[in-house]
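Take this note's numbering: the final residue in the sequence shown is number 236, and no numbers are missing along the way. Input: a single structure, listed below in structure tokens.
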Amino acid sequence: MRFALDGAKRIEAIPKGRGQCPVCCGDVLAKCGARRIWHWAHRVKASCDQWWENETAWHRNWKMNFPAEWQEVIVKGSSGEIHIADVRTPSGLSIEFQHSPITDIEQETREEFYNDLILVVDGAHESHGYESFMENIDFWRERGVGAGQIGFGFNPMLANITKRWNSSRRPVLIDFGGSVLWSISVMRDGWAKYALEISKSDFVTCLTQHTDPTVHLSPWK
Ligand SMILES: [Zn+2]
16 MRFALDGAKR IEAIPKGRGQ CPVCCGDVLA KCGARRIWHW AHRVKASCDQ
66 WWENETAWHR NWKMNFPAEW QEVIVKGSSG EIHIADVRTP SGLSIEFQHS
116 PITDIEQETR EEFYNDLILV VDGAHESHGY ESFMENIDFW RERGVGAGQI
166 GFGFNPMLAN ITKRWNSSRR PVLIDFGGSV LWSISVMRDG WAKYALEISK
216 SDFVTCLTQH TDPTVHLSPW K
């Protein structure tokens, strides 16, 4: 976590810092080592937000593209369940940055909980992930999908990373570590999909200027 609570105030980790977890109200201690990014960790291992991943530099760098008040926003579900959205815009669109694979069940529950959700998936740590993704894109089978965007046909079952996120019903974008994201959620026909390239800076600009980037990224019904 980047933010803990000190009373009602959100505070960042500083050496020897202490605070409260905004989800479970448990004590958290600042972890300010040289190896990992400075963050907060529970003093006693807690069954806190089960969806929360250990924050990596990748998570933190992504979140830092957005205003601080949009980062790590507490979202309370109708059943009283609480989760921290990595980023949540004032209009209620959540953006989750997902480093590790999750189960289909968790994915489904998460999509239901956040409803309006975009997933940005870390594809850079998978060996040959980018190569196998690119190999399966049919650059000949293209189609304009609006606003000058071109989608390229691909079979989502062929590369591990697209197969893993194939059942998602929300826009999924893969970050392979370059300057662009690949959207993998636009339906073509039957099982096939269109992959679309979007620059990371355009993606961030869209969100921070309150224009909906999902217009071009949403699964086509
Ligand atoms: Zn907690």
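From the three backbone atoms N, C-alpha and C, an ideal C-beta is built for every residue, glycine too.
Open item on the list: For A207 and I199, what's the separation of their Cα atoms in angstroms?
Closed with: If I take the Cα positions, the gap works out to 10 Å.
Task: Lining residues of ligand 1 - beta-carbon closer than 6 Å to any non-hydrogen atom, in sequence order - done: Those residues whose C-beta sits under 6 Å from the nearest heavy atom of ligand 1 are, from N- to C-terminal order along the chain, C36, V38, C39, G41, H57, A61 and C63.
Task: Residues bridged to I110 [DSSP beta-bridge criterion] - done: V102 and I133
Task: Nearest neighbour of E82, chosen from V102, M202, D64 and E127 [CA to CA] - done: In the sequence as presented, Glu is not what sits at residue 82; that position holds Pro. Taking only the C-alpha atoms, the option nearest P82 is V102.
Task: chain C contact for E68 (CB, 8 Å cutoff) - done: Here there is only one protein chain, and chain C is not present.
Task: Q113 versus F148 - alpha carbon distance - done: 18 Å
Open item on the list: Looking at the secondary structure, which residues open and close the beta strand (DSSP E) in which I165 lies?
Closed with: I165 to F169
Open item on the list: What does the Cβ neighbour count give for K236, buried or exposed, with the cut at 16 atoms within 10 Å?
Closed with: Residue placement at K236 is poorly supported in this model, since its pLDDT is 30, which falls under 50; the coordinates still yield a value, given next. So K236 counts as exposed.
Open item on the list: With the cut-off set at 8 Å, would you say A139 and G205 are in Cβ contact?
Closed with: No, the pair does not count as a contact, with Cβ atoms beyond the cut-off.
Task: Buried versus exposed, by CB contacts within 10 Å (16 or more), C36 - done: buried
- [ ] From the DSSP output, in three-state form, read off F191 for me.
- [x] coil
TODO: Within its chain, find whatever has a CB closer than 7 Å to the CB of P116; leave out the 5 residues flanking it on each side and keep chain order.
DONE: Taking P116 as the centre and dropping the five residues before and after it, the same chain places the C-beta of R179 closer than 7 Å to its C-beta, in chain order.
Task: Closest residue to L134 among G22, S182, A23 and H57 (Cα-Cα distance) - done: S182
Open item on the list: For a test of the three-state rule: what should DSSP assign to L173, helix, strand or coil?
Closed with: coil
Task: Cβ-Cβ distance between G166 and L211 below 8 Å - done: The criterion of a C-beta distance shorter than 8 Å is satisfied by G166 and L211.
Open item on the list: For A28 and K46, which I take to be in contact (beta-carbon distance under 8 Å), what is that distance rounded to the nearest angstrom?
Closed with: 7 Å
Open item on the list: Once DSSP output is grouped into helix, strand and coil, what is the label at F154?
Closed with: strand
Task: Rounded Cβ spacing between A56 and V38 (contact assumed at less than 8 Å) - done: At roughly 13 Å, the Cβ-Cβ gap does not stay under 8 Å, so A56 and V38 are not in contact.
Open item on the list: For the alpha helix (DSSP H) containing S216, name the first residue and the last one.
Closed with: K215 to T223
- [ ] Just list the beta strand (DSSP E) runs in the segment 45-107, keeping only unbroken ones of 3 residues or longer that don't cross its boundaries, in chain order.
- [x] 54-57, 86-91 and 97-103
TODO: Please say whether F128 and G95 have beta carbons closer to each other than 8 Å?
DONE: no
- [ ] Pick out whichever of S214, R184 and R185 has its Cα sitting closest to the Cα of W197.
- [x] When only C-alpha atoms are compared, the closest one is S214.
Task: Of the residues Q86, G168 and W67, the one placed nearest H98, counting alpha carbons only - done: W67
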